[in-house]
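Heads up: the structure comes next, in structure tokens.
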Amino acid sequence: MNAIAWAAAQPWSDGRVVLQGGSYAGLLQWPVAAARPPALIGITPLVAPMPGHDSDYWGGVFPYYTVQWARLVSGRSAKWRILGYPQVFRDELARHARSGAPASAMMHATCPGDTTLARILAQVRPGPEWDFARPDAAGFARIDVPALSITGTADSALRGAIRYFEQHDRHAATDSLRRLVIGPWTHAGARLPERLEGDGEGPDPRSEEHTSELQSQFRI
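Following my numbering, the numbering of the sequence shown begins with 1160 at its first residue and continues without gaps.
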């Protein structure tokens, strides 16, 4: 909220702010928009996973990347250098798998002292412990700014991105502008972007024609 107010108050700003970002920076836009900061006029969540719905558990199993992400965000500052050495996590995962201990034990060892993570890991299946990280029905109803969601057919957050759109579409006012774009992209490719080649290849989101079409829809 403070960042939006700061951007709106800068001399180079006209006082209007649009959010854009992918993955973690995509999912954060939904609760921010639900809080309705005055300067916010639109959001563009790219490949946004919905906490507790798609990326944190797969059939009750923690995916390998969740261990890396927990190490990155646990504590007071992001540990990007640690995330940059996947072989460290691969070796840790291999040792843990050979031990026969449950996946949650590795998560606890990865982020000792993180009580929020411990509470989340206590659940066999995603439940209300993730409610704080996503808007409820009333929150989605408050989002009245244009919302353009973008995901890809090979995006690990595809289910979450669709879920956000469905919840917004269900609860928001009928005249609020919302669109969902699903292209032939991966989780990273929808942000860079780069296309998947082969049958079903879609438009390049960087193309002038595609950009002009989106701008006309959102009256930019």
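Note that beta-carbon positions come from the ideal geometry of N, C-alpha and C, so glycine has one too.
Residue burial classification, residue i (beta-carbon count within 10 angstroms, cutoff 16)
i        : result
Gly-1359 : Any reading at Gly-1359 is ruled out, since the residue's pLDDT is 48, under 50, leaving its predicted position unreliable.
Pro-1170 : exposed
Gly-1234 : exposed
Gln-1246 : exposed
Arg-1378 : Annotation note: pLDDT 48 at Arg-1378 (below 50); position unreliable, coordinate value reported separately. Arg-1378 comes out exposed.
Trp-1189 : buried
Whether residue i touches residue j by CB criterion (8 Å)
i        : j        : result
Ser-1182 : His-1346 : yes
Leu-1199 : Val-1176 : yes
Ala-1320 : Val-1206 : yes
Gly-1185 : Pro-1204 : yes
Ser-1315 : Leu-1339 : no
Ala-1306 : Arg-1337 : yes
Separation of residue j from residue i, as counted between CA atoms
i        : j        : result
Thr-1333 : Pro-1287 : 28 Å
Tyr-1323 : Leu-1178 : 16 Å
Lys-1238 : Ala-1349 : 24 Å
Ala-1260 : Glu-1251 : 12 Å
Ala-1162 : Pro-1196 : 10 Å
Gln-1227 : Ala-1192 : 28 Å
Ser-1236 : His-1255 : 26 Å
Arg-1257 : Gly-1311 : 35 Å
Gly-1342 : Arg-1230 : 31 Å
Trp-1344 : Pro-1208 : 15 Å
Asp-1303 : Arg-1249 : 44 Å
Phe-1299 : Trp-1289 : 16 Å
Gly-1201 : Ser-1335 : 11 Å
Pro-1294 : Ala-1253 : 37 Å
Ala-1164 : Ala-1194 : 13 Å
Ser-1172 : Ala-1313 : 36 Å
Tyr-1224 : Glu-1325 : 26 Å
Arg-1301 : Gly-1180 : 21 Å
7 Å CB neighbourhood of residue i in its chain, flanking five on each side removed
i        : result
Arg-1318 : His-1212 and Asp-1213
Ala-1296 : His-1330
Own chain, CB closer than 6 Å to residue i, minus 5 neighbours either side, in chain order
i        : result
Ala-1167 : Gly-1174, Val-1176 and Ala-1198
Leu-1373 : Caution is warranted here: a pLDDT of 48 is assigned to Leu-1373, below 50, making its placement in the model unreliable, and no coordinate value can be reported.
Met-1160 : Pro-1196
Leu-1187 : none
8 Å Cβ shell around residue i - same chain, five flanking residues per side excluded
i        : result
Ala-1264 : His-1255
Alpha helix (DSSP H) runs wholly inside the segment 1316-1349, at least 4 long, in chain order: 1317-1330
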